[in-house]
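Heads up, the thing below is written out as structure tokens.
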Amino acid sequence: MIEKNKIEKLVNEFIKGTGLFLVAVKGSISNRIIVLVDTMNGITIDECATLHRQLEKSLDNNNEDFELQVSSPGLDTPFGVIEQYYKNEGEKVEVTDVEGGKVAGKLKNVTSGGFELETEVKVKGKTREVKEISYNFDQVKSTRVVLTIK
2 MIEKNKIEKL VNEFIKGTGL FLVAVKGSIS NRIIVLVDTM NGITIDECAT
52 LHRQLEKSLD NNNEDFELQV SSPGLDTPFG VIEQYYKNEG EKVEVTDVEG
102 GKVAGKLKNV TSGGFELETE VKVKGKTREV KEISYNFDQV KSTRVVLTIK
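This is the structure we're talking about:
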């Protein structure tokens, strides 16, 4: 089985200075390797294919059999790295805190330590009030984009 650390190191070498960032590397016992990468503006198929070719050249398929997949994390995938928070600033997200509570709102003011969520809460019946909730990253179990159809 190819070590996850080795793949992460190779990916980070290849993407250095390209605008791409590594979201996750997933591996299975059957040596199925999934590399999730993105950019601040969204990743193209060509960028994924280029990285796939570079990784395949560096990993010896003759010595060890593996299946390699390089793709974007997908809209329904929870955030894995801080760059995804920066990328989605201003978008509607759903945050699940470590206690299991869920809050949806607009992602704002992302920093290296956390972020704010602007959400509407009902006050006395039909009145709605905008409220900002501050989160430190250690308070968050998961964050994902909320898909809205206009």
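Take the sequence shown: its letters are residues 2 to 151, numbered as in the numbering used here. A virtual CB, placed ideally from N, CA and C, is assigned to each residue, including glycine. Please read all numbers here as calculations on a predicted model, not as lab measurements.
In the three-state DSSP reduction, I134 falls in the strand class (E or B). Nearest in C-alpha terms to G91, of all of G81, I134, I3, L118, is L118.
T144 and V82 have their C-alpha atoms spaced approximately 10 Å apart. C-alpha of F80 to C-alpha of K58: approximately 29 Å in a straight line. In the displayed model, D61 falls within coil according to three-state DSSP, outside both helix and strand.
Linking I150 to V24 through their CA atoms gives a straight-line distance of about 26 Å. DSSP places K88 in the uninterrupted alpha helix (DSSP H) bounded by 83 to 88. Looking from the CA of V26, the closest CA among D66, V36, G20, N13 belongs to V36.
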